[in-house]
Amino acid sequence: MSDSMDIDDIINNLQDDKQRLKSTDDQSAADDARLLKQAWIKERTCPELLSFEESLLDRIMLRVREQRLDDTSGGISMVEEPDLDKAVFIRVVSDMAKPAVVGYETVELEKGSVLVMRYSAIAEHLKLGDVEVV
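Each residue of the sequence shown is one higher than the one before, counting from 0 in numbering that gives the first Met the number 0.
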């Protein structure tokens with residue numbers, strides 16, 4: 000299996016995370032996990048007929064962002080600093096007015112394109128959410 004997460008992994012993580020939430024949030028997290036699973040099944044069967052579950056996904060993404068990703072228990076950081084000189088695969092997810100600067104050249108980043116670039120060239124765009132690492 001690849002390193003990427005599928006919907007079952009996301010649902011399982013949500014279910015695991017609900018145990019860490021306060022008791023008042025437990026029911027909400029369980030409901031969101033159930034709703035996410037239902038939405039995913041419906042999306043697979045008839046996506047053209049259903050509305051986008053924006054509020055559900057916003058709640059789930061908020062929980063994901065609130066998780067403490069840099070667990071330093073045991074004195075070891077779980078998140079390493081990126082090597083700014085390493086090349087990474089990126090996907091451009093929004094239209095941007097500002098191109099990426101690579102050395103003395105500029106590279107236009109068109110929405111939907113997949114590129115390989117140095118992390119240092121796209122770090123600002125990554126922080127802004129204009130690109131994502133794939």
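Cβ atoms here follow ideal geometry from the backbone N, Cα and C, with glycine treated the same way. These numbers come from a predicted model, not from an experiment.
{"Check": "With 16 other CB atoms within 10 Å as the buried threshold, where does residue 8 fall?", "Outcome": "exposed"}
{"Check": "Under the rule that 16 or more other beta-carbon atoms within 10 Å means buried, what is residue 121, buried or exposed?", "Outcome": "buried"}
{"Check": "Does any CB atom of chain C fall closer than 8 angstroms to the CB of residue 100?", "Outcome": "You won't find chain C in this structure, because it holds only one protein chain."}
{"Check": "Taking residue 95 as the reference, which of 107, 102, 85, 39 has the closest Cα?", "Outcome": "107"}
{"Check": "Would the segment 84 to 103 count as touching the segment 115 to 133 if we require 3 or more Cβ pairs under 8 angstroms?", "Outcome": "yes"}
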